[in-house]
Amino acid sequence: MQTPAPVDYAKATSVADALAKLAAHGEEARVVAGGHSLLPMMKLRLARPDALIDINDIPELAGVRIEGNEIVVGAMTRHRDILDSAVLAEHYPIFREAEKVIADPIVRNRGTIGGSMCQADPASDLSAVGSALKGTAVVVGPGGSRTVGLRAFHQGPYETVVGPGEILTEIRYPIRPGAGSAYEKVERRAGDWGVATSGVYVVVSSGVVTDCGIGLAAVGADHYCSPEGEATLIGKEPTEENLAAAAAATAASCSPSSDQRGPADYKLHLAHELTLRALRRAARASQGA
Amino acid sequence: MQVNVTVNGVEHSADVEPRTLLVHFIRDDLQMRGTHWGCDTSNCGACTVWVEDVPVKSCTMLAVQADGKEVSTVEGLAQGGVLDPVQQGFMECHGLQCGYCTPGMMMAARALLDRNPHPSEAEIREGISGNICRCTGYKNIVAAIQWAAENPATSEVTA
Amino acid sequence: MTAVEESPAPLSAAGNPIGFGRMHRKEDVRFLRGEGNYVDDVQLPGMLYGAILRSPFAHAKINGIDTSAAEALPGVKAVITGAVLETLGLAWMPTLSYDTQAVLATDKVRFQGQEVAFVVAESKYIARDALELIDVDYEPLPAVADAKKALEPGAPVIRDDKEGKTDNHIYDWEAGNKEETEAAFANAEVVVTQDILYPRVHPAPMETCGSVAHMDPVTGKLKLWTTTQAPHAHRTVYALVAGLPEQNIQVISPDIGGGFGNKVPIYPGYVCSIVGSIVTGKPVKWMEDRSENLMSTGFARDYHMKVSIASTREGKIQAVKVDVLADHGAFNGVAQPTKYPAGFFHIFTGSYDYPAAYCSVTAVYTNKAPGGVAYACSFRITEAVYAIERIVDCLAAELKMDSAELRLKNLLRPEQFPYTTPTGWEYDSGDYEKTMRVAMGIAGYDELRKEQAEKRARGEYMGIGISFFTEGVGAGPRKHMDILGLGMADGCDLRVHPTGKAQVRLSVQSQGQGHETTFAQIVAHELGIPPEDIEVIHGDTDNTPFGLGTYGSRSTPVSGAAAALVARKVRDKARLIAAAALECAPDDLEWELGRWYVKGDPERGRTIQEIAMDAHGALELPEGVEGHLDAQVVYNPPNLTYPYGCYICVVDVDPGTGQVKVRRFIAVDDCGPRINPMIVEGQVHGGLADGIGMALMELIAFDEDGNNLGGSFMDYLLPTAMECPDWELGETVTPSPHHPIGVKGVGESATVGSPAAIVNAVIDAISPFGVRHADMPLTPANVWRAIQGRNVRTDMAVD
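Chains as they are written, first to last, in the working numbering: chain A, 7 to 295; chain B, 665 to 823; chain C, 61 to 859.
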C-alpha cells in the first residue's frame, strides 16, 4: 500500500488552538478532519503538507442543532450522523437521500461534511445539497469569523474561499416550512462518485412554486447550482410541463466533461432527467402527497 | 511521536512517525497481522478495525490519531477462546474462502449487529457495502451474518 | 470409472461425512481468528523491504537513470536497475509463452507502470521515499494503445528488442474446418455477424502479489515465500532462468488471498526481491500496492471478436466463425499450454450441434501491461463462451425466436457423447437439455416472459438472458499440454501413520478453494478415514510432489484424481497387509468403508487404522510387500473434463438513466458429483459476482497515449454486496466417464458462464429500442448510449 511523505502532526483541542497551530506551522499546514480526502491524496503523494492539524477531537465542531430559523451543522459532523439526524430528516429529507449514496457506511463513520465541502470535488454530493438549499458557511480565521453563502463558498473544482490559516466551522441551512426536497444520483456502483446528481427543494404554496433551489454535482454546474433552472420554475404551477421546462433550463446551464464515468452528452441528459425526477418528488412532498 | 493505544483491551506504547498509517502500526509495530490491506484508495475495507467501537478503515487514519483511544481488531473478537457468533456464523455458512477480506468483513458485521440486532437482508448488504470480497459472491456472508443475528448466545466453540 | 455412491456418506465422530457431503472447512479457524499466514505476514530477522519505480510513460526511451540521491537516503541498502541486472543476465526473463519480458527496463519502457528500478531499504516507508529520489531521463515515444492500430503501417514498433522485428505482430493461429465453414456460410439462409469486444479486465484478488526472498549467504539456499498458484512450476523456472541449482530453491506459497489466475505468472518484483536478497545478504520483502497490481500484473481478456453464425430460417445452426484480434500488451506473457497460443478459445463452438466452425486469431503487441489469460478464464474459455452465447442471442433476435427455444433446438443430445467438436474437443459427458429445463423451472421462465410482455406494454423494461456454457477444464494430458515444457500431470503422496491418521501431499495450491477440506474428503471417501484425521499439505516445494498448480479449474480433475488413485493404491496395499494379519488370501477380502473383512465372515476384519499399525509394526509381511502404508501417484489425465451449466439472469433497466438492476440470477451447474456441495456452491457464488462485475462495471481502458484509466479501485470498480442478488442455485449431476471419481472441475464455471447471461438480459431488456448488441461493461452511460443508437467503444477513453 502507498505511504505518505514525512509530515508533522499536532492535535488541536479547540478552534482557537487549531488556528494557532495552523499559524505556527505556516502555509503548508493542513487541517485534517475525517481524512478520507486528504489522507488518500497524501498516500499517493499528490498532497504533501508540512504538518497536519487534527481537529477530530474538538467536540463543539460537531453536531446538528436548530438555532432560530436555521439548522446548524457543525463542520466536523460525520456523514453517518447526518444520515441519522432526525432534525435533518424532518426538515430536509434530501440529506438522508444524499448520504445514503455517499461512499460506504464505514467511510461515512469518519468522513465529515466540512471535509467534503472544503475538498470541493466536482462530484461532491453535500456541496450540491448545500448549494440547492442556499445555505451559508461560517469560516473562522485569525481575523475573526465570517459568513459566506454556500454558492459563493464554492469557487470552482477543488476551490473554496477558505484561506490558509482559516477553518470552516459550521454550515447553516434556512428552515423553510412546507418545503419538499429530494436527491437523485446515478452512479456506476454503490459508493462511487456520481456520474451526475441533482438535489432540489421546492415550496409549493396555493398551487404555485413560490421557492425552489436546484443543486447539481458532477455536471459542471457553476457553484453546484442552476439559478437559471430555478428562475424558470418560480412563480409557476408545478405541472409536468413546467417541471420539464425547469429541468431543461437546468441542463442548459451545465457543462459536463466526458470521463470514464460517462460521455458529456449522457451527463447533460442526466442533468435534465434527474432534475426532473427530483423536482417531481420534491413538489409532491411539498404538496403533502 | 509517542502514541498510547489500547488494542483489544491491552495498552501499547510506541514511538512512531506521524505519517505511519494505523493499519501499518497494528500490523508492523504491534505485530498483529489479522488486519489486512487491499487497496490504496479506501475502497476495499480489508483494513476495517474499530476505533472507540466505530468501524473505520485503518488505512485512512494515522496511528497518532488513535493516541489515547481504544482500538479493536479481529484478534479481539473471540473472547476467552470462544468464537464470537459472527465468527461462528462465517464458519457455519461458509462465509469465507481465501480469508483475506474476512477480518474486515467480520468487524463490519459485528458492528452492524451491535447497532441493529435484526437487520433485513437489504440492511446487511448495505452494511457490508464498504467491504469487497472476490471469492464468495456475498450470499454466504449475508447468511453468516443472519446466522449470527439469530444465534447471539452461543455454545462454546473452542478452536 | 466412477465409484460414486448414491447414498450419503456416514458421519464421523466429529460429525463430518466420511466422504462426499457438506462439512465445515478445516482451514476456517485460523482465518476467522486473524491467524492466517499470508506473504505480507512473513517476518524474518533483518528483513528489508523492496519497492519498484515504475514508468509513467507507455512508451519511452531511457536515456539514463541517476540513482545517487536514492542510494544516499539513510536506510536505503541497495538500488538496482536494469543495467545492474544485465550484468547478472537477469534484465530479461522468459515468459510462460516463450517470449521475453523485461525484469527492469534497459533500453526503453513499453507500458505505463513498467518496472524501471528496485529499491531495497529498512522500511517500506523509506523505500517509497527513495523511489522519488531516482531520476530517470525519459524520452517519450509515440504509443500504440489501440489494438486495432497496432498493425497499421507506421505504427510504433514496440518490440524492437527482438532482432529484426519491424511490426507488432505476435502470431496468427487458427482452428476448425475452414472450407466446410465457408461453404456453410455461403449456403446459409440466415447469417448474423456481430463485432463483440471482451474488454480488458483484471482478476484483482484482495491480496496483491508479493514475495519474501531469502538467499541464505551461508547455505546458498534460496527460500522464497510468494503469492503463487504454482509453486513447483515457479521453482523450476527460477532454476532454469537464474541458473540456481533447483535443489537449493524452496518456494513456499503460504495462505494466498485469492488467485484467479493473477498469481500464475512470475513477475519482475519476485525476481527483484531475489536479486535484492543476493545483493544485501538479507531477506527482502516486496509487496506490490493495488495500483501496481492493476497496472502491471496479468490482466485478462482484451479480445476483439468478429463473430458470425449461419442458420436455417427455422433456427438450426449450421456454422460459426470467429475472427479475433488479441491484445497481448507489451510482452506475450499469457499462461496456457504451449500448443495453444490462444488458449482453449477454439471451444467457442459451445454447447450446440453443428458440423462446421472456424476461428482465426491474430495476436498483437500494444503499449500496455502484458497478460491476457487470467481471471478464471479457463484459458480463454470465458471469451469463447461469451462469443457463442452472445451470437446465439443475436440470432434469436434476428429470427424473432425465443432465446430459450433457439437453444433447446440446437443443444447437443446425451446420446451424442462423447462428442467431438468441429475444432477437435472431445466433450466427455452431458445431458444438456435436462440442465436447461431445471434452470428454466427455477426461474419460472414462462411466467417471466409473460411479465416481460406486460411490462413492455406499460413502458417498463425488463430483460431475461440465458447463457448455456460448456467448458473444458483439468489440463491436461502430458502429450498435448505443457507449460514451458513442463507436462501438466500432477503428483499426490499419501502417508498413513501408525495410528491410522493420514497426510496427503498435493501439488496444487489453494487460494481459497478449500483444498484442505475437499482433498481430505476424497481420501476419506476412498479409505474411510474421517476427514478430521487427514491432514492436507500443500504449498511448499520441499514437502509436496511436483505438479503444475491450481488454475484453469484443474485441481479436482487432476489432483483430485491423483488423490483418489493414491488412496486406492493405499487401499490395495492395505488389503495385502490385512490378508496377512487375518491369515487369508487377499481375494478372500471385501471392502466396506474403512475396513477389509472376510467374505462371508464379516466379524473378521481389520480397520484401516489397525492395518496402519500392522504396516508399521512387527507383523510379517508377504513377499514383495514393503512396510508402512504410503503411496505415490502421478496422474496424467486422459482428457479434460467438461462441466457445463445453464444460467438465467433477470434484469430491470431504467431507460431514462440506463441503470441496470439485476433482479435475479439462476445458476444450474453440472460438474459431476460434488465432493463438498457447500464449497462447490461457494465457488459458483463467487464466479457469478465476477459476471456482475465484468458485465456492468469492471474495465481497464486506456487513452491514445497509453495512460491506464483503471489503475485503482476508484476506477476499477468491483461489485459489492449491493450489486449482487441472492443467487439461486440448482444442480444436475452427470459424471465424467474418465475421471476416477467422476468429478469435473467447477472453480471457473460461474465466471465463464455468467457475463453472457447478464449482457443477454440487458440487451433483451432494451431490444424494443432496436438494440442488438452493446459491449461490456454495461454501465448506465453505455446502456443509455446504446438505447440512443450511439454505442460507446468501451476499451478506449470516453470522449
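The beta carbon of each residue, even a glycine, is placed where N, CA and C say it ideally should be. Since the structure is predicted, the reported quantities are computational estimates derived from the model, not experimental observations.
In three-state terms, what does DSSP make of residue i?
{"i": "A/M47", "result": "helix"}
{"i": "A/Y98", "result": "coil"}
{"i": "C/R853", "result": "coil"}
{"i": "C/A297", "result": "Correcting the residue type first, residue 297 of chain C is Val in the shown sequence and not Ala. The answer is helix: DSSP assigns C/V297 an H, G or I state."}
{"i": "C/R473", "result": "coil"}
{"i": "C/H798", "result": "coil"}
{"i": "A/F159", "result": "helix"}
{"i": "C/Q378", "result": "strand"}
{"i": "C/H364", "result": "strand"}
{"i": "C/C731", "result": "coil"}
{"i": "A/I59", "result": "strand"}
{"i": "C/F391", "result": "coil"}
{"i": "C/L769", "result": "coil"}
{"i": "A/Y164", "result": "coil"}
{"i": "C/L108", "result": "strand"}
What does residue i reach in chain D if we use C-beta pairs closer than 7 Å?
{"i": "A/V113", "result": "In the structure shown, chain D cannot be found, because the protein chains are A, B and C."}
From the DSSP output, read off the bridge partner residues of residue i.
{"i": "C/A273", "result": "C/L284 and C/V344"}
{"i": "A/P180", "result": "A/E76"}
{"i": "C/K225", "result": "Note: C/K225 sits in no beta bridge, so no partner."}
{"i": "B/V718", "result": "B/V715"}
{"i": "C/W656", "result": "C/W651 and C/R666"}
{"i": "C/W152", "result": "C/A162"}
{"i": "A/S211", "result": "A/V214"}
The ligand GTP and residue i: does any heavy atom of the ligand fall closer than 7 Å to the residue's C-beta?
{"i": "C/D750", "result": "Of ligands this structure carries none, so the ligand GTP is not represented either."}
What in chain B is Cβ-close to residue i, meaning under 7 Å?
{"i": "A/P12", "result": "E681 and R683"}
Quick one: which chain A residues come within Cβ less than 7 Å of residue i?
{"i": "C/L777", "result": "R194, R195 and D198"}
Residues of chain C with a CB under 7 Å from the CB of residue i: which are they?
{"i": "A/D265", "result": "V858"}
{"i": "A/V201", "result": "P840 and A841"}
{"i": "A/T9", "result": "K184, Y185 and R188"}
Any beta carbon of chain A sitting closer than 8 Å to that of residue i?
{"i": "B/L777", "result": "no"}
{"i": "B/G709", "result": "yes"}
{"i": "C/L468", "result": "no"}
{"i": "B/W701", "result": "yes"}
Please confirm whether residue i has its beta-carbon closer than 8 Å to some beta-carbon of chain B.
{"i": "C/D867", "result": "Here chain C covers residues 61 to 859 and nothing more, so residue 867 of chain C does not appear."}
{"i": "A/Y15", "result": "yes"}
{"i": "C/Q573", "result": "yes"}
{"i": "A/K322", "result": "The structure shown does not extend to residue 322 of chain A, since chain A is modelled only from 7 through 295, so no value can be given for it."}
{"i": "C/C706", "result": "no"}
{"i": "A/R287", "result": "no"}
{"i": "A/Q161", "result": "no"}
{"i": "C/S72", "result": "no"}
{"i": "A/P55", "result": "no"}
Would residue i pass as an interface residue toward chain C - the criterion being a Cβ-Cβ separation below 8 Å?
{"i": "B/P767", "result": "yes"}
{"i": "A/H85", "result": "no"}
{"i": "A/A291", "result": "no"}
{"i": "A/P269", "result": "yes"}
{"i": "B/M755", "result": "yes"}
Along chain B, in chain order, which residues have C-beta atoms closer than 8 Å to that of residue i?
{"i": "C/W787", "result": "G801 and K803"}
What residues of chain A sit near residue i, judged by a beta carbon separation below 8 Å?
{"i": "C/L769", "result": "Q266"}
In chain C, which residues lie less than 8 Å from residue i when you measure between Cβ atoms?
{"i": "B/G698", "result": "R93, G94, E95 and G96"}
Please list the segments of the beta strand (DSSP E) lying wholly inside the segment 547–576 of chain C, counting only runs of 3 or more residues, in order along the chain.
Runs of the beta strand (DSSP E) inside the segment 547–576 of chain C: 550–556 and 562–566.
Taking only runs that begin and end inside the segment 601–653 of chain C, name each unbroken alpha helix (DSSP H) of 4 or more residues, in chain order.
Counting only runs of 4 or more, we get 621–642.
List, from N- to C-terminal side, the alpha helix (DSSP H) runs of 4 residues or more that fit wholly inside the segment 228–271 of chain C.
Along the segment 228–271 of chain C, the alpha helix (DSSP H) occurs as fully enclosed runs of 4 or more residues at 238–247, listed in sequence order.
Uninterrupted beta strand (DSSP E) stretches inside the segment 662–709 of chain C (no shorter than 3 residues)
Listed in chain order, the complete beta strand (DSSP E) runs (minimum 3 residues) inside the segment 662–709 of chain C are 689–695.
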